[in-house]
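Right, one structure below, let's go through it.
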Amino acid sequence: MLKMMMRNIAAASFYCNSRRWRGMPCLHSNSTLVVLDNNYFAFFHSQPSKQIKSTRTQLDQPGRDSPKITNVEDAFNVFDRMLQMRPRPSVVRFNQILGQVAKLKHYSAIISLYNQMGVSRIGHDVYNLTIVINCYCHLNQMGFSLSAWGKIFKVGLEPNVITFNTLISGYLLENRAAEAAGIFNKMIAGDNCQPNVVTYGTLVKGFCMRGNNRAAIQLLRKMEEGICKPDLVVYNTIIDSLCKDTLVDDALNLFSEMMCKAIAPNVITYTSLINGVCKLGEWKEATRLLNEMVSKNIFPNVFMFSVLVDTLCKEGMVVEAKGVVVMMIQRDIDPNAVTYTSLMDGYCLRGEIGKAQNVFELTFSKGSMVNVVSYNTLINGYCKLKKIDEAMMHFLDMSHKGLVANTFTYNTLLDGFGKVGRIQDAQKLFSEMQACGQLPNFRTYSILLDGLCKNQQLSRAMQLFGEIEAKKLDINIVIYNILIEGLCIAGKIESARDLFCGLSSKGLRPDVRTYDIMINGLCIAGLTSEAEKFLIQMEEKGCPPDGCTYNTIIRGFIHNKQTSMAMVLIQTMVEKGFSADASTTEFIVNLLSKDCL
DNA sequence: GTAGGGTTAG
Numbered sequence: 001m002l003k004m005m006m007r008n009i010a011a012a013s014f015y016c017n018s019r020r021w022r023g024m025p026c027l028h029s030n031s032t033l034v035v036l037d038n039n040y041f042a043f044f045h046s047q048p049s050k051q052i053k054s055t056r057t058q059l060d061q062p063g064r065d066s067p068k069i070t071n072v073e074d075a076f077n078v079f080d081r082m083l084q085m086r087p088r089p090s091v092v093r094f095n096q097i098l099g100q101v102a103k104l105k106h107y108s109a110i111i112s113l114y115n116q117m118g119v120s121r122i123g124h125d126v127y128n129l130t131i132v133i134n135c136y137c138h139l140n141q142m143g144f145s146l147s148a149w150g151k152i153f154k155v156g157l158e159p160n161v162i163t164f165n166t167l168i169s170g171y172l173l174e175n176r177a178a179e180a181a182g183i184f185n186k187m188i189a190g191d192n193c194q195p196n197v198v199t200y201g202t203l204v205k206g207f208c209m210r211g212n213n214r215a216a217i218q219l220l221r222k223m224e225e226g227i228c229k230p231d232l233v234v235y236n237t238i239i240d241s242l243c244k245d246t247l248v249d250d251a252l253n254l255f256s257e258m259m260c261k262a263i264a265p266n267v268i269t270y271t272s273l274i275n276g277v278c279k280l281g282e283w284k285e286a287t288r289l290l291n292e293m294v295s296k297n298i299f300p301n302v303f304m305f306s307v308l309v310d311t312l313c314k315e316g317m318v319v320e321a322k323g324v325v326v327m328m329i330q331r332d333i334d335p336n337a338v339t340y341t342s343l344m345d346g347y348c349l350r351g352e353i354g355k356a357q358n359v360f361e362l363t364f365s366k367g368s369m370v371n372v373v374s375y376n377t378l379i380n381g382y383c384k385l386k387k388i389d390e391a392m393m394h395f396l397d398m399s400h401k402g403l404v405a406n407t408f409t410y411n412t413l414l415d416g417f418g419k420v421g422r423i424q425d426a427q428k429l430f431s432e433m434q435a436c437g438q439l440p441n442f443r444t445y446s447i448l449l450d451g452l453c454k455n456q457q458l459s460r461a462m463q464l465f466g467e468i469e470a471k472k473l474d475i476n477i478v479i480y481n482i483l484i485e486g487l488c489i490a491g492k493i494e495s496a497r498d499l500f501c502g503l504s505s506k507g508l509r510p511d512v513r514t515y516d517i518m519i520n521g522l523c524i525a526g527l528t529s530e531a532e533k534f535l536i537q538m539e540e541k542g543c544p545p546d547g548c549t550y551n552t553i554i555r556g557f558i559h560n561k562q563t564s565m566a567m568v569l570i571q572t573m574v575e576k577g578f579s580a581d582a583s584t585t586e587f588i589v590n591l592l593s594k595d596c597l
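See the structure below:
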């Protein structure tokens with residue numbers, strides 16, 4: 001089904017290129033045909049390209065139309081010119097520039113521009129102070145947001161509903177729900193600034209960010225009872241959150257409910273839903289939603305196309321994904337950093353690092369589109385191919401481009417060093433990471449521990465495990481799985497068994513992976529009957545074996561020359577609907593060929 | 001002229 005759907009998306013890009021496409025009478029000239037499978041057709045209407053006025057012309061006339069700012073450099077130039085003008089433009093003009101830079105999400109630049117305003121004695125007002133509060137919220141500098149909030153009162157101004165909402169959003173971004181609730185209560189208690197639909201929408205988002213969909217829906221119900229009715233944004237927020245948690249049926253129910261209330265969905269609603277169903281592999285439903293969307297004359301945009309590109313790439317259909325990107329360009333929908341990063345990752349997943357590198361360079365040639373995620377994706381591609389030196393080269397290149405490596409970058413490289421056995425380099429990078437102010441997280445420690453275990457450095461692994469425990473990090477089963485596997489690899493099956501038996505006293509339950517590791521370790525140690533006991537035990541303890549478990553134990557029995565038991569297990573595996581993987585098949589083929597001899 | 005919703009990486 002997917003193959004058919006994806007093949008036809010590629011066919012769509014052919015239509016875009018060909019004369020046949022241009023000659024098709026049934027389509028509007030701004031439509032793109034996407035045939036998703038034999039029965040479904042989607043007509044993607046792209047917005048007619050707008051005539052963009054020359055930025056330079058507008059910059060020269062800052063007093064008339066609001067100048068269009070497309071990059072930070074433009075903003076600083078316009079600002080400089082405005083500061084030199086006599087009479088000087090009003091504070092509103094300066095605020096407009098700040099607002100436009102905020103749309104570009106260059107928050108540090110706004111703070112810099114705002115400081116210039118202060119030096120030039122351009123007054124504060126509630127508009128520019130609200131922008132500043134918002135900037136510091138997005139820069140995770142809530143302390144400065146609160147200073148700006150204080151300044152509003154100090155200079156005799158009054159915050160409006162937007163200022164309150166901005167502050168609530170800031171607190172929620174920092175996971176400070178109690179303080180957000182405090183501001184909300186202050187609004188309710190006051191006279192002239194009651195919460196509006198954006199205030200409620202912000203709180204709904206806050207619940208969703210913390211994974212509390214139930215509370216988000218409860219608030220939606222409260223809104224329905226009150227004056228401030230939920231709008232499209234509130235519904236979209238919850239629908240997206242449900243989709244992210246794979247609760248697509250609940251999301252679709254809410255979607256129906258929303259339409260019954262005459263709230264029309266938009267491209268954002270459909271992007272969330274289509275992304276949700278694609279992640280579950282429900283291609284037919286994805287196709288149905290796409291068709292429904294276009295039948296409502298809703299234009300797919302760069303977000304929607306990026307979802308499609310990402311889905312194709314994750315399914316290994318990178319050629320088709322590239323076709324979608326080509327189609328976007330032809331239809332005047334500019335792919336962005338996310339689209340290109342998805343494509344790059346698609347190549348990396350197939351080990352085609354050269355092609356990933358080409359996309360990376362293409363992204364670079366498009367201007368300032370490369371970001372930390374682009375670098376991380378490429379670095380990961382090199383690491384997975386054990387090309388750690390090339391990965392490090394890109395890591396060093398990042399800082400030359402003014403980008404700051406994050407925890408994600410370091411974790412990828414630490415894993416890369418572990419995989420090639422360069423533990424000392426990993427340790428050095430780990431120190432460097434902390435010196436640069438990037439905090440190691442749970443995954444960092446898992447990677448380090450795994451690197452040590454897989455490189456026969458068990459005593460250092462045990463030492464690190466002690467440090468992890470001392471840090472009181474929220475230790476979960478993943479850490480134990482790594483350590484138990486390390487012990488098994490080192491032939492210390494007794495210690496592995498002790499650690500396994502001690503799990504419940506730590507409040508942890510073994511998962512399928514834990515059992516698989518133990519079964520493998522026991523088989524390596526020749527303890528196949530105990531491995532079989534573990535297989536029975538996991539079923540009894542409500543952790544049923546999966547295909548991987550059966551493959552592991554079957555290989556173990558064959559390895560230990562207990563072929564008759566292996567045959568029984570193969571039979572059980574097939575009965576349960578699992579099949580032999582490539583490695584087990586090889587074992588079985590070898591076994592049969594030896595029997596034939 | 002200021003606020004809430006959708007796409008990418010370990």
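Just so you know, we're using full-length UniProt numbering here: the first sequence kicks off at 1 and counts up by one. Don't be surprised by glycine CBs; every beta carbon is placed ideally from N, CA and C.
Spatial neighbours of Leu503 in its chain, beta-carbon cut-off 8 Å, leaving aside the 5 residues before and after: In the first sequence, residue 503 corresponds to position 503, counting from 1. The residues Ile477, Tyr480, Arg509, Pro510 and Thr514, in chain order, have a CB closer than 8 Å to that of Leu503 in the same chain once the five nearest residues on each side in sequence are set aside.
With burial defined as no fewer than 16 other Cβ atoms inside 10 Å of the residue's Cβ, what is the status of residue 598: buried or exposed? Residue 598 lies beyond the stretch modelled for the chain, which goes from 1 to 597, so this question has no answer here.
Quick one: give me the first and last residue of the alpha helix (DSSP H) that Ala180 is part of. As a first step, residue 180 must be located in the first sequence, where it is residue number 180. Ala180 -> alpha helix (DSSP H) spans Ala177 to Ala189.
Could you say which of Gln456, Ser374 and Ala216 lies nearest to Arg422 if we only look at CA atoms? For the purposes of this step, residue 422 is taken as residue 422 along the first sequence, with counting starting at 1. Arg422 has its Cα closest to that of Gln456, out of Gln456, Ser374 and Ala216.
Tell me which residues share the same chain as Val338 and place their Cβ nearer than 6 Å to its Cβ, disregarding the 5 neighbours each side in the sequence. As a first step, residue 338 is located in the first sequence; it is residue number 338 there, counting from the start. For Val338, where only same-chain residues beyond five positions count, the Cβ hits under 6 Å are Ser306.
Quick check: is any heavy atom of the ligand MG less than 7 Å from the C-beta of Leu139? The ligand MG is not among the ligands present in this structure, which contains no ligands whatsoever.
Between the region 362-370 and the region 388-397, can you find at least three pairs of beta-carbon atoms closer than 8 Å? no
Cys348 burial status per 10 Å Cβ neighbour count (16 or more: buried): Sequence index remark: in the first sequence, residue 348 carries index 348 (1-based). So Cys348 counts as buried.
Whole-Å CB distance - Ala321 paired with Val309, under 8 Å assumed: Here residue 321 corresponds to residue number 321 of the first sequence, with the count starting at 1. Here residue 309 corresponds to residue number 309 of the first sequence, with the count starting at 1. Yes, they are in contact, since the Cβ atoms of Ala321 and Val309 sit about 5 Å apart, within 8 Å.
Does the distance from the C-beta atom of Leu173 to that of Cys137 stay below 8 Å? As a position in the first sequence, residue 173 is number 173, starting the count at 1. As a position in the first sequence, residue 137 is number 137, starting the count at 1. In this structure, Cys137 lies closer than 8 Å to Leu173 by Cβ.
On the CB-based measure, 16 or more other CB atoms within 10 Å of its CB, does Glu532 come out buried or exposed? Here residue 532 refers to the residue found at position 532 of the first sequence. Glu532 should be labelled buried.
Going straight from the alpha carbon of Gln427 to that of Leu448, what length do you get? The residue given as residue 427 occupies position 427 in the first sequence. The residue given as residue 448 occupies position 448 in the first sequence. Computed Cα separation, rounded: 8 Å.
In the structure shown, what three-state DSSP assignment does His138 receive? Position 138 of the first sequence, counted from the first residue, corresponds to residue 138. In the structure shown, His138 sits in a helix (DSSP, three-state: H, G or I).
Quick one: Cα of Met392 to Cα of Val72, how far? If you number the first sequence from 1, residue 392 lands on position 392. If you number the first sequence from 1, residue 72 lands on position 72. In this model, Met392 and Val72 are separated by some 30 Å (Cα to Cα).
What residue from Asn297, Ala109 and Lys386 has the CA that sits closest to Ile69's CA? On the first sequence, residue 69 is found 69 positions in, with the first residue counted as 1. It is Ala109 whose Cα lies nearest to the Cα of Ile69.
Can you give me the C-alpha to C-alpha distance between Leu232 and Ile263, rounded to a whole angstrom? Here residue 232 refers to the residue found at position 232 when the first sequence is read from its first residue. Here residue 263 refers to the residue found at position 263 when the first sequence is read from its first residue. Cα to Cα, the separation comes out at about 6 Å.
First and last residue of the alpha helix (DSSP H) that includes Glu432? Position 432 of the first sequence, counting from 1, holds the residue named residue 432. Residues Ile423 to Ala435.
Whole-angstrom distance between Thr237 and Gln100, CA atom to CA atom: The residue you call residue 100 lines up with position 100 of the first sequence. The residue you call residue 237 lines up with position 237 of the first sequence. Rounded to the nearest angstrom, the two C-alpha atoms are 24 Å apart.
Rounding to the nearest angstrom, what Cα-Cα distance links Ser446 and Ser583 in this structure? Along the first sequence, read from residue 1 onward, the residue named residue 446 stands at position 446. Along the first sequence, read from residue 1 onward, the residue named residue 583 stands at position 583. So the alpha carbons of these two residues sit roughly 26 Å apart.
Where His400 sits in the DSSP three-state scheme: As a first step, residue 400 must be located in the first sequence, where it is residue number 400. DSSP places His400 in helix when its eight states are reduced to three.
Output the distance between the C-alpha atoms of Phe534 and Asp498, rounded to the nearest integer angstrom. Here residue 534 is taken as the residue at index 534 of the first sequence, counted from 1. Here residue 498 is taken as the residue at index 498 of the first sequence, counted from 1. CA-to-CA, the gap between Phe534 and Asp498 works out to about 14 Å.
Output the boundary residues of the alpha helix (DSSP H) element that contains Gly346. Here residue 346 is taken as the residue at index 346 of the first sequence, counted from 1. Its alpha helix (DSSP H) spans residues Ala337 to Leu349.
Give the C-beta separation of Ser145 and Gly170 to the nearest angstrom, bearing in mind that I take them to be a contact with Cβ-Cβ under 8 Å. On the first sequence, residue 145 is found 145 positions in, with the first residue counted as 1. On the first sequence, residue 170 is found 170 positions in, with the first residue counted as 1. So it is a contact: roughly 5 Å between Cβ atoms.
Assigned secondary structure, Lys105 (DSSP; H/G/I helix, E/B strand, else coil): Residue numbering aside, residue 105 sits at position 105 when the first sequence is read from its first letter. Looking at Lys105 - three-state DSSP - the assignment turns out to be coil, as it is neither helix nor strand.
Where in the region 522-574 do unbroken runs of the alpha helix (DSSP H), each at least 4 residues long, occur, reported from the N-terminal end onward? 528-540 and 547-559
What residue does the alpha helix (DSSP H) around Ala262 start on, and which one ends it? Here residue 262 is taken as the residue at index 262 of the first sequence, counted from 1. Note, Ala262: premise wrong, no alpha helix (DSSP H); not H, not E.
Helix or strand or just coil, what does DSSP make of Cys383? Here the question's residue 383 lines up with position 383 in the first sequence. In the structure shown, Cys383 sits in a helix (DSSP, three-state: H, G or I).
Return helix, strand or coil for Thr70, following the three-state DSSP convention. For the purposes of this step, residue 70 is identified with residue 70 of the first sequence, where counting begins at 1. Residue state, collapsed to three classes: coil.
Between the CA atoms of Gly123 and Met117 - distance to the nearest angstrom: Here residue 117 corresponds to residue number 117 of the first sequence, with the count starting at 1. Here residue 123 corresponds to residue number 123 of the first sequence, with the count starting at 1. If you take the alpha carbons of Met117 and Gly123, they lie about 8 Å apart.
Sorted by chain position, which residues of the same chain lie with C-beta nearer than 6 Å to Thr407's C-beta, five sequence neighbours on each side aside? By one-based count along the first sequence, residue 407 stands at place 407. Only Gln438 and Asn441 meet the Cβ criterion.
Apply the 10 Å Cβ neighbour rule to Lys261 and answer buried if 16 or more other Cβ atoms are within range, or exposed otherwise. Taking the first sequence and counting its residues from 1, one reaches residue 261 at position 261. Note on Lys261: under 16 other CB atoms within 10 angstroms of its CB, so exposed under the neighbour-count rule.
Can you tell which of Leu458, Asp516 and Ile183 has its C-alpha closest to the C-alpha of Cys193? The residue you call residue 193 lines up with position 193 of the first sequence. Nearest of Leu458, Asp516 and Ile183 to Cys193, Cα basis: Ile183.
Tell me whether residue 638 is buried or exposed, calling it buried when 16 or more other Cβ atoms sit within 10 Å of its Cβ. The question about residue 638 has no answer, for the chain in this structure spans 1 to 597.
Return the Cβ separation of Leu414 and Leu403 in integer angstroms, given the expectation that the two are a contact with Cβ distance under 8 Å. By one-based count along the first sequence, residue 414 stands at place 414. By one-based count along the first sequence, residue 403 stands at place 403. Contact between Leu414 and Leu403 is absent: CB atoms are separated by about 19 Å, not below the 8 Å threshold.
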